[in-house]
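Here the structure comes first, spelled out in structure tokens, and everything after it is commentary.
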Amino acid sequence: MDDEAARAEGFDAAIGQGNHQWAVVHRMLRELTGPNGTITRVEIQFRSPNIKGQVLTARGRVTSRADDSLALDIWTEDQHGTTLGVGTASVTLPS
Amino acid sequence: MTDTYLTDVVRQAAGRECSRAVSYPIEASDIRKWALAAYWPERPPQFLIDAEVAPEDFDPFAWGPASYESLLPDDDGSVIVRHGINERALGFPEWKFRAGLNGGMNCTYGVRMHVGDVITDTKSCGEYTERQGRNGLMLITQSISTWTNQRGELVKRTINSGIRF
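The listed protein sequences correspond, in order, to chains A and B. Residue numbering for the first sequence is 18 to 112, as defined by our numbering. Residue numbering for the second sequence is 282 to 446, as defined by our numbering.
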């Protein structure tokens, strides 16, 4: 989608795929697990599209831990702190 | 104005397998290219540059499948739906929507993908629901993508949700 088509739909600029937010979330989780940990589940609801010019940041908060397994709340936000996507994830840390 | 999108045909389609795609064997350079794109403009971690194991979100279909087949007998091939569900071949009504949005993704991962693996993606129709929103009656769609490797092991199962109004 280009800027013109996006504006016709009411957006400020071209919108990106949700997969972009998905990739940023997985980068964040991978930084947590390191190369030998695993991401076991990710769920995210897209509340707002990421649009051209935004700077995406993924964040997470550990909500529970059982041995090497962590459960997290996750979200993505733009450079103004506006939440774009929210969800949960589970990862396993290396033993 | 549509009273409901959920005809009997739509309701009964839940769980029906719609298409199957098979990837080319994964190469180390595929994983490296994926990492370079996902981490751009930063450099990916070295373990993804030299990887024998793909990151969980790696997509072996990013460069197109080695083969693709529809599993729907009514699919005449006139609509290519590689990433979703061929609703026309399922006999769904020809809805007219003003907008369609990616509502979200829910993915459970199984075994990791390795160099040399061949992945099969089987797409099935999920549950369709509807609800009233600011933009009128919204259709909430689900497509389910199940990836297995050449040994039949589950790689991941993803539920993709869409919103149309």
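The beta carbon of each residue, even a glycine, is placed where N, CA and C say it ideally should be.
Residue environment: B:F378 is assigned as exposed (fewer than 16 neighbouring CB atoms within 10 Å of its CB, all protein chains considered). In the three-state DSSP reduction, B:I312 falls in the helix class (H, G or I).
Interface flag for A:W39 against chain B is set, since a Cβ pair is found closer than 8 Å. Listed in chain order, the non-local C-beta contacts of B:G372 below 6 Å within the same chain comprise V290, local neighbours out to five positions each way being set aside. Taking a C-beta distance under 8 Å as the contact criterion, A:L89 and A:T80 qualify as a contact pair. Under the three-state reduction of DSSP, B:Q423 is assigned to strand. Here DSSP, grouped into helix, strand and coil, assigns A:W39 to helix.
For a cut-off of 8 Å, the C-beta gap from B:E298 to B:T403 is around 6 Å, short enough to register as a contact. Residues are counted here when their Cβ sits less than 8 Å from a Cβ of chain A; for the stretch 386–402 of chain B these are M386, N387, C388, T389, Y390 and R393, given in chain order. A:S65 has its alpha-carbon roughly 17 Å from the corresponding atom of B:N387.
In the DSSP assignment, B:E323 falls outside any alpha helix (DSSP H), carrying neither H nor E. Restricted to the stretch 329–390 of chain B, the beta strand (DSSP E) segments that are unbroken, complete and at least 3 residues in length are 348–351 and 381–390, listed in chain order. Chain-order list of chain A residues neighbouring B:P374: empty, with the shortest C-beta distance near 23 Å, by a criterion of under 9 Å.
In the displayed model, B:Q293 falls within a helix according to three-state DSSP.
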